[in-house]
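Encoded as structure tokens, the structure appears first; notes follow it.
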RNA sequence: CCAGAGGUGGCGGAGUGGCCAAUCGCAAUAGACUGUAAAUCUAUCGGGGCAACCCUACGGGGGUUCGAAUCCCUCCCUCUGGACCA
């Protein structure tokens, strides 16, 4: 694969890429490149973290990059996930890994690493402190959105500041020349680009992937594009805004059924978006079954065609929803199967479901 | 450490001895209306029972009282200001 082909593939992953020139150099240098994404284990895992993550990882590894999945258990503790109970968090972490294993991710070039293992290394904490010293408190406060928190002192604890410092240190300790996280993580990544060279490390290339829309009606007034995507993203704390990797067909039916989908409107339409980012990634054509009185079945082989018909109202939301429900269900089938057939996985899922989610 | 304010249901926020399972708003759920959703209207909205009623609840624990979310004691936590800082 040529460098340009690789870049093309990475562009598919990155809604925003900071340092593309540098990325090219890195790809041409022949060095073993590492990209990472980190996750706070908390509650259920949704399709953005499951299916979309698998799609993106596969593209990155296909481009010759090694991927590290960072199970950020200490970060979750700092951010008070699962009531700040590290045991619970780690159980959820194991559950996440089980999901990824079953989600169609090509694992040959993927590694799962735990923050709690890194925490045993004093070099790590040395770097955390160095990162902390490199900037004013305010700067760390401004990264709060990556923890799903407001950027104000009232809602943060001391632990959140440590979190920010840790996340920057993670990048360098993991050897990640590329950070491949969600768009909501861009501020810390920018901080890392700034701090890296100061501390004798590198400027990581930031490949930020798209954040899938939540299923509800967009309510925010925010105009700032990044902020808006973060506010509208699929979120575990809003129960029915997200489809989880182990949801049943009934769950999916209910959630997609309730999903925001104004007829003819193409912008900020979650149902259409799932077609674009998930379904057309998995299927070559999408066949929509509908009663003859509404035009009979149609099939689309590109998202653009489907979008055009939707925009012109030739395709009704309800027909689309029915199809999306079935296809999403199909995508989740292997995951669900894994959790039904594998005893260990089954136990994990039950445990996780019994935990109460805290924000 | 001191002083002031405060901790109420998923969230916001009333209530300051009985009429409080707790006004109201948001969210949620159901129904009506649209070939989906939204908007709008209606109902429900701690758990159990058809019901009278019972249980569990207003940061934790203890107490006063016939009776406490409401009064007292104590502990924990948050906010604001201040003190301390060899």
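Numbering (our numbering), first residue to last: 24 to 382.
Idealized CB from N, CA, C, for every residue including glycine.
### Query
In three-state terms, what does DSSP make of residue 155?
helix
### Query
Going by DSSP, what residues sit across from residue 135 in a beta bridge?
BP columns for residue 135 point to 92.
### Query
Do you know how far the Cα of residue 230 is from the Cα of residue 30?
Approximately 11 angstroms between the Cα atoms of the pair.
### Query
Between which two residues does the alpha helix (DSSP H) containing residue 378 stretch?
Neither: residue 378 is in no alpha helix (DSSP H) and is coded neither H nor E.
#### Entry: Contact set for residue 25: own chain, Cβ-Cβ below 6 angstroms, skip 5 residues either direction
none
### Message
Run through the DSSP bridge pairs and tell me what residue 30 is partnered with.
### Response
Its beta-bridge partners do not exist; DSSP assigns none.
### Message
So for residue 61, helix, strand or coil by DSSP?
### Response
Residue state, collapsed to three classes: strand.
### Exposed unless 16 or more other CB atoms sit within 10 angstroms - verdict on residue 382
Here the model assigns residue 382 a pLDDT of 42, short of 50, so the residue's position is not dependable and the matter cannot be decided.
### Task
Take residue 71 as the anchor and find which of 322, 324, 267, 299 has the nearest alpha-carbon.
267
### Query
Does DSSP put residue 38 in a helix, in a strand, or in coil?
strand
#### Entry: Member of 294, 302, 199, 338 whose CA lies at the smallest distance from the CA of residue 55
199
### Query
Can you name, in chain order, every residue of its own chain whose Cβ lies under 7 angstroms from the Cβ of residue 264, other than the five neighbours on each side?
237, 238, 239, 257, 258
### Query
From 217, 252, 185, pick the residue whose C-alpha is nearest to that of residue 206; which is it?
252
### Query
Just checking my contact of residue 129 with residue 84 at CB under 8 angstroms: how many whole Å lie between their CB atoms?
6 angstroms
### Task
Give the secondary structure of residue 203 by DSSP, where H, G and I count as helix, E and B as strand, and everything else as coil.
coil
### Query
Is it the case that the Cβ atoms of residue 59 and residue 179 are separated by a distance below 8 angstroms?
Judged by their CB atoms, residue 59 and residue 179 are not nearer to each other than the 8 angstroms cut-off.
### Task
Please look up how many angstroms separate the CB atoms of residue 339 and residue 125, rounded, as I've assumed it's under 8 angstroms.
In fact, because the Cβ distance is near 34 angstroms, the residues do not count as touching under 8 angstroms.
### Query
Just the Cα atoms here: how many angstroms apart are residue 149 and residue 110?
25 angstroms
### Task
Enumerate in chain order the residues of its own chain whose CB-to-CB distance from residue 176 is below 8 angstroms, with the five nearest sequence positions on each side excluded.
164
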